[in-house]
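Visitor:
In structure tokens:
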């Protein structure tokens, strides 16, 4: 697994308070979307609409209540949602990066190869004594403050 993102299994009180407020807003939005059957709920919930709405409202209200009274009680919901969302984010990040690579970098490489342009000037020259290219002279230190 990647070490760039680690799941915080023991968040501090401030994080749990913030999570409670954010969860209240987030679950409230999900409840409204479920009630009006919009976006992800547009397939129609039928008889399950009110239980789904009630569940989202209850989860949001409990998270807000816990963040105001006992933030450590939000730890179960916080860790549960984090563990649930981590694999989704992990997979989607690779899907997005792969898509960007194949839709942006790949076509640029194909165009460069077809046009014969080589940014590194790699070409075989049997008469060349060396392939060494002279380094550019060092820039003045002041030029770093005026890059453009």
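In the numbering used here, the protein residues as written are -18 to 129. Note that CB positions come from ideal geometry on N, CA and C, so glycine has one too.
1) Does the segment -6 to 6 come close enough to the segment 35 to 55 that 3 or more CB-CB pairs lie under 8 Å?
2) Considering Cα atoms alone, identify which of -5, -4 and 32 is closest to residue 13.
3) Looking at the unbroken alpha helix (DSSP H) that takes in residue 31, where does it start and where does it end?
4) Can the beta-carbon of residue 63 be found closer than 7 Å to that of residue 10?
5) Give the C-beta separation of residue 68 and residue -3 to the nearest angstrom, bearing in mind that I take them to be a contact with Cβ-Cβ under 8 Å.
6) When we look at the beta-carbon of residue 57 and count the other beta-carbons within 10 Å, is it buried (16 or more) or exposed?
7) Taking 7 Å as the cut-off, decide whether the C-beta atoms of residue 37 and residue 0 are in contact.
8) Quick one: using the 10 Å Cβ neighbour count with 16 as the cut-off for buried, is residue 92 buried or exposed?
9) I'd like to know whether the C-beta atoms of residue 25 and residue 18 end up nearer to each other than 7 Å.
Guide: So, from the listed chains and residues:
1) yes
2) In the chain shown, the residue the question calls residue 13 occupies position 32. It is 32.
3) As a first step, residue 31 must be located in the chain shown, where it is residue number 50. Counting along the chain, the alpha helix (DSSP H) containing residue 31 begins and ends at 30 to 50.
4) To locate residue 63, count along the chain shown from 1; it is residue 82. To locate residue 10, count along the chain shown from 1; it is residue 29. Cβ distance not < 7 Å, so residue 63 and residue 10 don't count as in contact.
5) Within the chain shown, numbered from 1, the residue matching residue 68 stands at position 87. Within the chain shown, numbered from 1, the residue matching residue -3 stands at position 16. That belief does not hold up - the Cβ atoms of residue 68 and residue -3 are roughly 22 Å apart, past 8 Å.
6) Within the chain shown, numbered from 1, the residue matching residue 57 stands at position 76. Classification of residue 57: exposed, given that the 10 Å Cβ count is below 16.
7) Looking up residue 37 in the chain shown gives position 56. Looking up residue 0 in the chain shown gives position 19. For residue 37 and residue 0, no; Cβs fall outside 7 Å.
8) Here the question's residue 92 lines up with position 111 in the chain shown. Looking at its Cβ environment, which holds fewer than 16 other Cβ atoms inside 10 Å, residue 92 is exposed.
9) As a first step, residue 25 is located in the chain shown; it is residue number 44 there, counting from the start. As a first step, residue 18 is located in the chain shown; it is residue number 37 there, counting from the start. A contact, by the Cβ cut-off of 7 Å.
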